[in-house]
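Just below is one structure, and these are the notes that go with it.
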Amino acid sequence: MLSPLLLLGMALSVIGVYVPPGPRFRCPKDAIYIYPCTCLRGSDRGLYVRCENTNLASLSLAFTNLGNEGMPIEELVLYKCNIVRFYGPALYPLDVRVLKFIDTPLKLIEEHSFLGVNRTLQELHVVNSNLEKFPREALQILGNLSLLSITGHRISTLPGNSFGESAAAAKLEKLEISNGTLSSLPAEALTPLKKLKTLDLHDNKIKDLKRNQFKGLRDTEFLDLSYNMIDKLDTSHLADLIKMGWCNMSHNAIADLKRGTFARNSVLKVLNLSHNKIRKLDSNTFRGMRFLRRLYLSDNQINDVGRGTFGSVTRIGTIDLSRNFIKKIDFQMFNQLQYAELLDVSENFVTIVEKLAFKDLYLAKVNLSHNEISKIEAGAFENCANITSLDLSYNKIENISKYSFDSASYAMELQLSYNLLTSLNQVPLHNMTGMKILNVSHNQIHSIPRQTFPKLYELHTIDISHNNLSEIHNAVFQTLFSLRYLNMSHNSMEKIKPSTFGPLPTLLELDMSYNQLNDVVRGSLTRLASCRSLTVKNNRLTRIFQLPISLGHLDFSENLLEEIPSTDVWPTMNALLSLDLSRNRLSDNLQEGSFENLLTLRTLNLQANNITKPPWQALGSLTSLQYLYLQDNHMTKLGKAAFGRLPIVFELNLANNKINNVTNRAFEGLLQLLTLNLTNNNISHIPNGAFQGLVSLRTLDLSHNRLEKLDNKTHGLLDDCLSLERLNLSHNKISFITRKTLPNDPWIPYRLKEVDLSYNTMPVVTFDLIAGSKKLEYLNLSHNNINEIRRYVIGNLTALQTLDLSYNDISEVSGRDVFLPPLNLSNLYLSNNHLSHVPLNKILPLPNLKVLDLEENEIGVFDEKFMKIIQNGTVLRYSGNPMHCDCHVRPLKRWLKTQTQLPMEWSNVLCQSPHYLANKPISEVTEDLMGCNERDIQEEPELDITPDVKYRSIDYDNEDKSWKATWFVTSREDIGDFYIVVRESGGKSTMEKDVVYSERSFRIHDLKESSTKYELCVLARDSEGNVKHYRNSQCQILNQHNSGLSVIFRTNLYFAIVVALFCTFI
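Spelled out as structure tokens, the structure:
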């Protein structure tokens, strides 16, 4: 018999329901349901919804639909919406926790605006608005509000009763009113905020703080009053902030810190007073601030720091005094600051560091750079163990006394660059037992004397570059047992002696570039057993010295090397991977054996060596060579197998030579060559078979030559390049493409994908182009003389994705079967031609079109079919065309209004006609001025001016003898409520009614019988209540015999509006 427990388990497994993975609350499946808003994502707490570039009337329906879903909204963002006054029932249906108005021109938030979300709203952000009045009444009902942020505003005064008797004061923990014009802050305004933790009033116009300014804010921990105009600060202002731990008063005009200013703020940890006008600090300035950790006083006018100023802040971690007027580091200025991490006195006028200026520091970073220090007294640093970084750069130090640092003081990183040192023994290194980095670059050091370095076990980097170093004592570096990086570049060294370096088994990189070296004695570097990189660039060396066997990279460029002997140059065993011999004087002196023993060399740079013929004999022994650079030489001819047998060379660069003769099989032996660069030579003819053997070649650059053709009509130059994918023939003299120009054969699967034929002289695109172009994805024919494209050519480029025909003489592409773009086409460039129209019927079906460039053509009439392309996401570039801004441009203008930001491609599009719109940006021209005759609009109603509202229906109910009108909003401009007017045709109004913006229908009762027909007008008000201008379609005749829509055009009124707007515009 089954046990009860087992029976229970079986029952639960039967009734169990599958719970799909994902958030608890998901976005609505039909996105149009909440238009014009967008649901960004769902979460377990609610939806994230964003609404852009819309108005109150449109938002109300979206919010109603969202409310019907019954799901909470975690965050609702109204971005760049056209709302000046926020009011009414828009938020009634919603359950919102975070509400953000961003870049919305709000001037006023009315009372009761937050009804519906008053119990759920916890955060309200108003960013970059035009608020002129603090929304006190609207906030009164927000009992759960914990964060209120108003950044970017025009509020000048915070009312004294801002939070008086307000539910918002109960739980508000963060208040931010920043980046605005707030100048008046009554002391009683903030008193009710008993739970406020953060108060941010930065970047306003506050000048005076009142006595007991922050009374009642006993729980406030963060105060930000930076970027204001405060010129006075004393204890009466801040005394009530007894729990304040972070205070930012930077960028004000405070000139004096009185005694005990922060005495009541005993738990203050961070104080920022930078960018003020403070002149003096003394021992009473920070008295009582025993918990202070960060003190920022940079960019003031401090010229006097009294003795014992920092004595009371014993736990201080950061003292920033940079960019002041301090002239000396006084006796015991930084004394017993055991917890100090950063002491910054940079960019002052310090000339002397006095005795005991720094005492009892540990693991601190001290920055004294950019001063005028010329003297550091004996005992200046006492018991300063393990200074993380001591920066004395950009001073006037000529010598540092060996007694400046006591036996316990040293720095892990010592920066002495940009001083006046002349010898390295002027730096006291004997007690620097823990030093790791020494930088003495940009001094006037001319020598490194004997015993400069004691035994330093941790020093791994020395930079002596940019000095005048010419003398180095023998074996001076041998006491540095961890040295890895040594930079001696930009000095005046002439010779490296056998014992200059001696055995340095840990050295990895040695840089001696930009010296005057003319001799490196044999064996002087061989004991650098671990050296990986050696740079002797820009010296006067005439021969290659003996190298360390571990060397991986040697930069020997810009020297006077004229030859490399065939014997006794390279070590028998070596690890050299990269060798740079560019800009020497090798000429044609490379011979067989010049690179003997370099069995691992991968990269060889012989650029700019006056070489006139390929050094194939010298290269023959480089069996591992992969990259060979021979550009900027003087080679004129490439004979058969010009480079010998280099079986794994991947890249060969022959650019910027003078090659004018390429023979058959010139590149034989380069079986693995992937990239060949022959750009900028004098090649006018290449015989068929020149590239024979280059079966792996993928990229070939023949640009900037004088080629006129690549075939002899029966055989092509590129037939042997079976793997070729990219071909650059730009900047040549090619006038025609033949069937053998590009490699093609029915039995060989060529892979050519990209061809650049720009900057040639082709007048016609012939059918021969399709031979070899079946797999072509990119074709550039720009900057030619093309004035004709033959039939079926483009249509047969079936794989083409990018076609560039810009900068030609094309005037017509609408001929039969001329322009049949392939379906894969994604980028089409036709700019700078003479086109007056384009075959949109051929372009519209392209499903992948991303860019259509028609700039600088002669297209006058904007075809509304362009809108289908634009609305599908294609970037249409249209500037430089003589656009006629008539009603055919209205659909474009309508679309531009829907964009939150004006697309870049339309920012410089100008109207050329009619004359009163000449040279005006289309973004600034209104639809009213885009005129058209009535017949065009009747034939194509979408060309009519966009009204604010359109009717859905007007129906008559015979039972109760009433009319019902329904409508919808078509504009994204500022629209609030609706204004309904019923009147006799040509007579006065019989009914006027305002309808709230959330409604879309209105019923009309009790219309008296009249000899004339009634007319119904549905007009829009903006959010401020002003009636907006109306269009003729917004007024309809009420005809009970034909209770559909019957249109009457109010021609005279409409004409008057257009004329008035025109006069205003011009």
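Going by the UniProt record's numbering, the first residue of the sequence shown is number 1, and it counts up by one from there.
Where is the CB? At the ideal position from N, CA and C, for every residue including glycine.
These numbers come from a predicted model, not from an experiment.
Identify the continuous beta strand (DSSP E) that holds residue i and give its terminal residues.
i: Q1036; result: C1035 to L1038
i: L257; result: Careful: L257 lies outside any beta strand (DSSP E) and carries neither H nor E.
i: F978; result: F978 to E984
i: Q871; result: Taken as a continuous stretch (DSSP letters only), Q871 belongs to no beta strand (DSSP E), being part of the alpha helix (DSSP H) at F866 to Q871.
i: E651; result: E651 to N653
i: E341; result: That residue, E341, is in no beta strand (DSSP E); it is neither H nor E in DSSP.
i: E992; result: S989 to V995
i: E1015; result: Y1014 to A1020
i: D463; result: T461 to D463
i: H473; result: That residue, H473, is in no beta strand (DSSP E); it is neither H nor E in DSSP.
i: D955; result: V949 to D957
i: K174; result: K174 to S178
i: C37; result: C37 to R41
i: residue 1110; result: Outside the shown range of the chain (1 to 1066) lies residue 1110, about which nothing can therefore be said.
i: T479; result: Premise fails: T479 is in no beta strand (DSSP E) and is neither H nor E.
Please identify the residue among the options whose C-alpha is closest to the C-alpha of residue i.
i: H153; options: A666, H125, G46 and T535; result: H125
i: I564; options: I397, L541, G552 and F286; result: L541
i: G317; options: S346, F349 and Y362; result: Y362
i: H1029; options: R816, M512, E927 and I155; result: E927
i: R790; options: N780, L800 and F819; result: F819
i: residue 1131; options: C911, R935 and P941; result: As displayed, the chain neither begins before 1 nor continues past 1066, which places residue 1131 out of reach and without an answer.
i: R972; options: R1031, T900 and L420; result: T900
i: L233; options: E855, S250 and N144; result: S250
i: N574; options: P548, F101 and I945; result: P548
i: L769; options: I810, N367, Y792 and Y750; result: Y792
i: Q546; options: L525, S492 and A529; result: L525
From the DSSP output, which residues share a beta bridge with residue i?
i: S423; result: S447
i: V695; result: BP columns for V695 are empty, so no partner.
i: E413; result: I437
i: L76; result: V49 and L99
i: N367; result: D344 and D391
Taking the alpha-carbon positions, what's the residue i to residue j distance?
i: T658; j: T699; result: The sequence shown places Lys at residue 658, not Thr. Roughly 21 Å between the two C-alpha positions.
i: L1045; j: D957; result: Any reading at L1045 must be qualified, since the residue scores a pLDDT of 45, below 50, and its modelled position is unreliable; the value itself is stated next. Whole-angstrom Cα-Cα distance: 15 Å.
i: G693; j: L670; result: 7 Å
i: G306; j: N425; result: 35 Å
i: E812; j: I786; result: 11 Å
i: R1050; j: I937; result: Its pLDDT being 38, under 50, R1050 is placed unreliably in this model, and the value from its coordinates should be taken loosely. Spanning the two alpha carbons is a distance of roughly 15 Å.
i: F262; j: R136; result: 32 Å
i: E777; j: L724; result: 13 Å
i: L337; j: G311; result: 8 Å
i: Q122; j: V77; result: 14 Å
i: E341; j: I400; result: 24 Å
i: Q1036; j: K868; result: 31 Å
i: R952; j: E942; result: 16 Å
i: G795; j: T623; result: 48 Å
i: S701; j: N653; result: It should be pointed out that residue 701 corresponds to Asp in this sequence rather than to Ser. Cα to Cα, the separation comes out at about 10 Å.
i: S684; j: L483; result: 56 Å
i: D756; j: S730; result: 6 Å
Just to check, is the beta-carbon of residue i closer than 7 Å to a non-hydrogen atom of the ligand COA?
i: V127; result: Absence of the ligand COA from the depicted structure is noted, as is the absence of any ligand whatsoever, leaving it without description.
In the DSSP assignment, the alpha helix (DSSP H) including residue i goes from what residue to what residue?
i: N841; result: L840 to I843
i: E934; result: E934 to E939
i: T64; result: L56 to E69
i: K197; result: Careful: K197 lies outside any alpha helix (DSSP H) and carries neither H nor E.
i: S530; result: Taken as a continuous stretch (DSSP letters only), S530 belongs to no alpha helix (DSSP H), as it is neither H nor E.
i: A138; result: R136 to L139
i: F616; result: Here the sequence assigns Trp to residue 616, which means Phe is not the residue at that position. It spans W616 to L619 - the alpha helix (DSSP H) in which W616 sits, taken as one unbroken run.
i: S236; result: T235 to L238
Tell me, please, whether the CB atom of residue i is closer than 8 Å to any CB atom in chain C?
i: K133; result: Note that chain C does not occur in the displayed structure, where there is just one protein chain.
*Which runs of the alpha helix (DSSP H) spanning at least 4 residues fall entirely within the segment 843-922, listed in chain order?*
866-871 and 890-898
*Hey, which unbroken runs of the beta strand (DSSP E) at 3 residues or more fall wholly within the segment 528-582?*
533-535, 553-555 and 578-580
*Which whole runs of the beta strand (DSSP E) in the segment 757-822 are 3 residues long or more, in chain order?*
778-780 and 802-804
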